[in-house]
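Undergrad:
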Amino acid sequence: MKATFRWYGESDPVPLRYIRQIPGVTGIVTALYDVAVGDAWPRPRLEQLAAAVDDEGMHVAVIESIPVHEDIKLGRATRDRLIERYCESVRAMGELGIPVLCYNFMPIFDWTRTDLAMPLPDGSTALAYDDRQLAKIDLSRGTGDLPGWAAAYDARSLNALLGAYENVNAERLWEHLAYFLERVVPVASSANVKMAIHPDDPPWPIFGLPRIITDAAALDRLTRLVDDPANGVTFCTGSLGADPANDLPAMIRALGGRGRIHFMHCRNVLRTGDRQFNESPHPSCFGSVNMLEVMRALRDIGFAGPMRPDHGRMIWGERGRPGYGLYDRALGAMYLQGLWEGVGE
Ligand code: DNO
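Per the numbering used here, the sequence shown starts with residue -18, numbered consecutively.
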């Protein structure tokens, strides 16, 4: 595996020069954050981004993410033009030699939590989710009541979008995903870019919206929508690990055996009830994910792709972007590399 770290660009409070000091980390996971969703990424901007990372002695290993416009997920008539622009961005990645694209197909909301700073007994804070808390969130006032990470929508546009999704059940969403992949994967494949879908987080429907990338059967189905090695997954242990029915090592062996794991997100979650969890330090003993077994499975499939520590807690008084401070993610990066060395790779 190749140790990587997510960087939110020049506005990230964690600078590249700090990331470089985490032993073993040579790959950066990043994106152009100021291009409007649906626009093609200008190649010169991507080139600049790659050069800034190269200047710090690292390289861009993964783009996470090029967001998929809601019209594509909704299957609206405008999707063809939007997909063509998406393909342009993928071609630009390929021309610059950036090999992996992490994206997701979650309606309206990306990863969702009900608490961004739940205090843990050691005085740190972590992200947490509780389905019963989610049920109390009133979306009629827009995204204002949602914990602060979300793409902001005012009440009118959010209600219009929620209304549009009333016609899109899970099967429809699968059809729209297939339509998207049938057009993007061939482009990615000839550009030497691997598409890596991120699982839905949490892996169940929220706010009545369908969520489809949730378990082993779904990941298998995804890879067969377009049966091409360029159509793969970001295997996120935290997202998938929130559902106790997901046997992560078995899923890794199945998908990895077919060469479809293109990127690893590693973090731990402590399941505390039905559809209730909080994020925990990365080591196995603190959460419900057995990270050692995850690494063994990755060793067995000969995983050689990028891996990043996912969300960390806030520790040592750090303030910053929820889940994306420096300290706990750096501890995670070291733990993961230690496990990897230990399992014999
Ligand atoms: C959360 C991230 C996700 C991920 C997107 C990919 O921390 O893992 O937001 O970047 O779902 O499109």
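Don't be surprised by glycine CBs; every beta carbon is placed ideally from N, CA and C.
Should P(-6) be labelled buried (16 or more other beta-carbon atoms within 10 Å of its own) or exposed?
TA: Per the 10 Å Cβ criterion, exposed.
Undergrad: To the nearest angstrom, how far is it from the Cα of A12 to the Cα of M74?
TA: Looking at the two C-alpha atoms, the distance is approximately 11 Å.
Undergrad: Just how far apart, CA to CA, sit T204 and N212?
TA: So the two alpha carbons sit approximately 6 Å from each other.
Undergrad: Out of P25, A21, V34, G19, point me to the one whose CA is closest to Y(-11)'s CA.
TA: Answer by Cα proximity: V34.
Undergrad: Could you tell me which of P264, A198, Q257 sits nearest to I233, measuring between CA atoms?
TA: It is A198.
Undergrad: Say yes only if the C-beta of N150 is nearer than 7 Å to one or more non-hydrogen atoms of the ligand DNO, and no if none qualify.
TA: No, the beta carbon of N150 sits no closer than 7 Å to any heavy atom of the ligand DNO.
Undergrad: Please work out which residues of its chain come closer than 7 Å, Cβ to Cβ, to R72, disregarding the five sequence neighbours upstream and downstream, and give them in chain order.
TA: Within the same chain, R72 has close Cβ partners V168, A172.
Undergrad: I'd like to confirm something about C217: is its beta-carbon nearer than 7 Å to some heavy atom of the ligand DNO, or not?
TA: Correct: C217 has its Cβ closer than 7 Å to the ligand DNO.
Undergrad: If you measure from the CB of W92, is any heavy atom of the ligand DNO nearer than 7 Å?
TA: Yes.
Undergrad: Taking 7 Å as the cut-off, is the C-beta of Y(-11) nearer than that to any heavy atom in the ligand NAD?
TA: By its list of ligands, the structure shown excludes the ligand NAD, since it contains just the ligand DNO.
Undergrad: Among A98, W297, N249, P186, which residue has its Cα nearest to the Cα of L327?
TA: Residue 327 lies beyond the stretch modelled for the chain, which goes from -18 to 326, so this question has no answer here.
Undergrad: What do you reckon, is the C-beta of C83 under 7 Å from a heavy atom of the ligand DNO?
TA: At least one heavy atom of the ligand DNO is nearer than 7 Å to the Cβ of C83, so yes.
Undergrad: Cα-Cα, which of E37, A31, V16, E(-9) is closest to Q2?
TA: Nearest option by C-alpha distance: E37.
Undergrad: Hey, which unbroken runs of the alpha helix (DSSP H) at 4 residues or more fall wholly within the stretch 6 to 41?
TA: Listed in chain order, they are 24 to 36.
Undergrad: Would G325 be called buried (16 or more neighbouring beta carbons within 10 Å of its own) or exposed?
TA: G325 is exposed by the Cβ-count criterion.
Undergrad: I'd like to know if the stretch 105 to 123 and the stretch 51 to 65 are in contact, where contact means that at least 3 CB-CB pairs between them fall below 8 Å.
TA: With a cut-off of 8 Å, the stretch 51 to 65 and the stretch 105 to 123 do not count as touching, because too few Cβ pairs lie within range.
Undergrad: Given a cut-off of 8 Å, decide if L206 and A159 are closer than it, judged by their beta-carbon atoms.
TA: Cβ distance < 8 Å, so A159 and L206 count as in contact.
Undergrad: Output the distance between the C-alpha atoms of R280 and L(-3), rounded to the nearest integer angstrom.
TA: One C-alpha to the other measures close to 29 Å.
Undergrad: Confirm, please, whether the CB-CB distance from M276 to L320 is below 8 Å.
TA: Going by C-beta atoms, L320 is nearer than 8 Å to M276.
Undergrad: Report the CB separation of V18 from H50 in whole angstroms; it is logged as a contact under 8 Å.
TA: That belief holds up - the Cβ atoms of V18 and H50 are roughly 5 Å apart, short of 8 Å.
Undergrad: Along the chain, where does the alpha helix (DSSP H) that runs through D52 open and close?
TA: Here the alpha helix (DSSP H) through D52 covers 51 to 55.
Undergrad: Considering P109, what are the terminal residues of the beta strand (DSSP E) in which it resides?
TA: What sits at residue 109 in the sequence shown is Ala, not Pro. Segment 106 to 111, the beta strand (DSSP E) holding A109.
Undergrad: Please state whether DSSP places D261 in a helix, a strand or coil.
TA: Before going further, note that residue 261 is Ser rather than Asp in the sequence given. DSSP places S261 in strand when its eight states are reduced to three.
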